[in-house]
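Quick notes on the structure that follows.
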Amino acid sequence: MSSSIVIVGAQWGDEGKGKVVDILAEYSDIVVRFQGGNNAGHTIVVGDDKFILHLIPSGILHYGKKCVIGNGVVIDPAVLIEEIETLKKRGYAVNESNLLISKESHLIMPYHKVYDVARERLKGESKIGTTGRGIGPSYEDKVARCGIRCGDLLRKNIFFEKLNENLIEKNRFLKDVLHEDGFDAQKIYKQYMAYAERIGGHITNTSIFLDNAIKQSKKILFEGAQGTLLDVDHGTYPFVTSSNTVAAQAAIGSGIGPTKLGMVIGVSKAYTTRVGEGPFPTELKNEEGDRLREKGGEFGATTGRPRRCGWFDAVALTHAVRVNGLESLIITKLDILDGLDEIKICTGYDYNGRILEDFPSDISVLQDLKPVYETLPGWEQDTQRAACFEDLPLNAREYIKRLELLAGIDVIMISVGAKRKDAIMVKNPFET
Ligand code: IMP
Numbered sequence: 023m024s025s026s027i028v029i030v031g032a033q034w035g036d037e038g039k040g041k042v043v044d045i046l047a048e049y050s051d052i053v054v055r056f057q058g059g060n061n062a063g064h065t066i067v068v069g070d071d072k073f074i075l076h077l078i079p080s081g082i083l084h085y086g087k088k089c090v091i092g093n094g095v096v097i098d099p100a101v102l103i104e105e106i107e108t109l110k111k112r113g114y115a116v117n118e119s120n121l122l123i124s125k126e127s128h129l130i131m132p133y134h135k136v137y138d139v140a141r142e143r144l145k146g147e148s149k150i151g152t153t154g155r156g157i158g159p160s161y162e163d164k165v166a167r168c169g170i171r172c173g174d175l176l177r178k179n180i181f182f183e184k185l186n187e188n189l190i191e192k193n194r195f196l197k198d199v200l201h202e203d204g205f206d207a208q209k210i211y212k213q214y215m216a217y218a219e220r221i222g223g224h225i226t227n228t229s230i231f232l233d234n235a236i237k238q239s240k241k242i243l244f245e246g247a248q249g250t251l252l253d254v255d256h257g258t259y260p261f262v263t264s265s266n267t268v269a270a271q272a273a274i275g276s277g278i279g280p281t282k283l284g285m286v287i288g289v290s291k292a293y294t295t296r297v298g299e300g301p302f303p304t305e306l307k308n309e310e311g312d313r314l315r316e317k318g319g320e321f322g323a324t325t326g327r328p329r330r331c332g333w334f335d336a337v338a339l340t341h342a343v344r345v346n347g348l349e350s351l352i353i354t355k356l357d358i359l360d361g362l363d364e365i366k367i368c369t370g371y372d373y374n375g376r377i378l379e380d381f382p383s384d385i386s387v388l389q390d391l392k393p394v395y396e397t398l399p400g401w402e403q404d405t406q407r408a409a410c411f412e413d414l415p416l417n418a419r420e421y422i423k424r425l426e427l428l429a430g431i432d433v434i435m436i437s438v439g440a441k442r443k444d445a446i447m448v449k450n451p452f453e454t
């Protein structure tokens, strides 16, 4: 029996991890976010209510569960406070005992957001298509060792000192290079001290908290954000986010050792989507792609941007299996494929007449290859009504079995609609 489970996206994000974590949270005691920030948007539907969570782990929607925002996350305090208030207004308890924030998580500062947007503007055609939330610049400061951490909110003098040090360089760069206005230290200080009043009580040493929980055999769910192909090392660099999104980051980003991580599960849509710029081998720039977008409601949960859509890419999936060490797979949005005559799966890439079976890391190769497809028959019936695997139409079962074979791992859950009940749990990972 696994007592800790890591959930990661196996594609370019938006795989439906929020819903999966929401379902599995019921069987766990603690849910942990370990990377990313409010670039993520996890959509969860409870009854007739829809929630989009950007920072708070999806476990918050379950009574009695603890939620942790680990050191690997970058936090925009204004967004966090708004999220807490919205949840409270909708009747959910969010307090200092069920939401813990790592002292070592980094803050997103106002200048990070201006940097993000202004840099993209300067890049023009070669822009990354970021969410503009200041995620990359905050991680840059972390690695450059000048970042300001959540724990600094609790030490006024140190916060003010660090802010002033940062602004010397930041204001020059903002004015001279980005042609933007500079920032006033006093103004930011006051704003952030007001945030500290609101969230200070949540900030603690979450590494110690999690270590104690592990010693007490608590069940922990690590909730990944974005997806494998947006990982800063293993994704389609430079068209990636600025954090490691792969499973190993669950240890680093929450302050526990890798030996404490249990089963690693990947989440993948039954087709593929991507937001922002960058290579996408199976992208459909035609009415088939438009159909997936419309039927799948493929518009960004954070930015509202239309998502690019395409067929399932098994080459990308085997890459995700390898770099995450995936042991099981969860397939979401199978219902979106209902009613298609044929469904394609990409099983290789044709690069100048040579067939590649492994996902290339070189962006120039990725941009130039053509997907090699195998075609499977579709199904007419509505999969949303299926209560178990056997209830699915034969061709839908065959499609899932083919994905399992290509990935070399089992599919343990299939999501067939937006609601909690629209999911087929083949195997409960907390019970196997
Ligand atoms: P950033 O994370 O805002 O720096 O954006 C970098 C790239 O990651 C852009 O292509 C974004 O669209 C993409 N991205 C970031 N977060 C998500 C997410 O949660 N889902 C899908 N794409 C994302």
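Numbering (this note's numbering), first residue to last: 23 to 454.
Glycine residues also receive a C-beta, built at the ideal position from the N, C-alpha and C atoms.
Note that the coordinates shown come from a computational prediction; the quantities given were computed from them, not determined experimentally.
In the structure shown, what three-state DSSP assignment does Tyr-137 receive? helix
Can you give the beta carbon distance from Pro-159 to His-134, rounded, assuming they're within the 8 Å contact cut? 4 Å
Cβ-Cβ distance between Val-343 and Ala-429 below 7 Å: yes
Closer than 6 Å to a non-hydrogen atom of the ligand IMP - does that hold for the CB of Asp-70? no
Under the assumption that Ser-124 contacts Thr-263 (Cβ atoms under 8 Å), give the Cβ distance between them as a whole number of angstroms. Rounded, the Cβ-Cβ distance is 19 Å, inconsistent with contact.
Whole-angstrom distance between Val-433 and Ile-287, CA atom to CA atom: 10 Å
Looking at the secondary structure, which residues open and close the beta strand (DSSP E) in which Arg-330 lies? 330-332
For the alpha helix (DSSP H) that Lys-164 lies in, which residues bound it at each end? 157-165
From the DSSP secondary-structure annotation, give me the bridge partner or partners of Met-215. In the DSSP output, where bridge partners are listed per residue, Met-215 has none listed.
What are the boundary residues of the alpha helix (DSSP H) that includes Val-42? 39-47
Spatial distance of Gly-246 from Leu-388 (CA atoms): 25 Å
Sort Glu-107, Ile-74, Ala-115 by Cα distance to Gly-86 and report the nearest one. Ala-115
Opening and closing residue of the alpha helix (DSSP H) in which Asp-233 lies: 228-237
CA nearest to the CA of Gln-238, picked from Lys-282, Asp-255, Asp-70: Lys-282
Does the ligand IMP have a heavy atom nearer than 6 Å to the CB of Ile-157? yes
Rounded to whole angstroms, what's the CA-CA distance from Ile-365 to Leu-306? Just pull it up for me. 13 Å
Could you tell me if Arg-167 is buried or exposed, where buried requires 16 or more neighbouring beta carbons within 10 angstroms of its beta carbon? exposed
Nearest residue (CA-CA) to Asp-255, options Leu-77, Thr-397, Thr-267: Thr-267
Name the residue from Phe-56, Gly-38, Ile-385, Gln-57 whose alpha carbon lies nearest to the alpha carbon of Ile-66. Gly-38
Beta-carbon spacing of Gly-151, Gly-298 below 7 Å: yes
Under the three-state reduction of DSSP, which class applies to Thr-405: helix, strand or coil? helix
Under 8 Å Cβ to Cβ from Glu-142, same chain only, skipping five residues before and after it: list those, please. Lys-149, Ile-150, Gly-151, Thr-152, Gly-154
In whole angstroms, what separates the C-alpha of Pro-260 from that of Glu-412? 42 Å
Name the one or two DSSP bridge partners that Asp-335 has. Cys-368
Count the other CB atoms, across all protein chains shown, that sit within 10 Å of the CB of Ser-290; report buried if there are 16 or more and exposed otherwise. buried
Can Gln-57 be considered in contact with the ligand IMP, in the sense that its beta carbon sits closer than 6 Å to one or more heavy atoms? no
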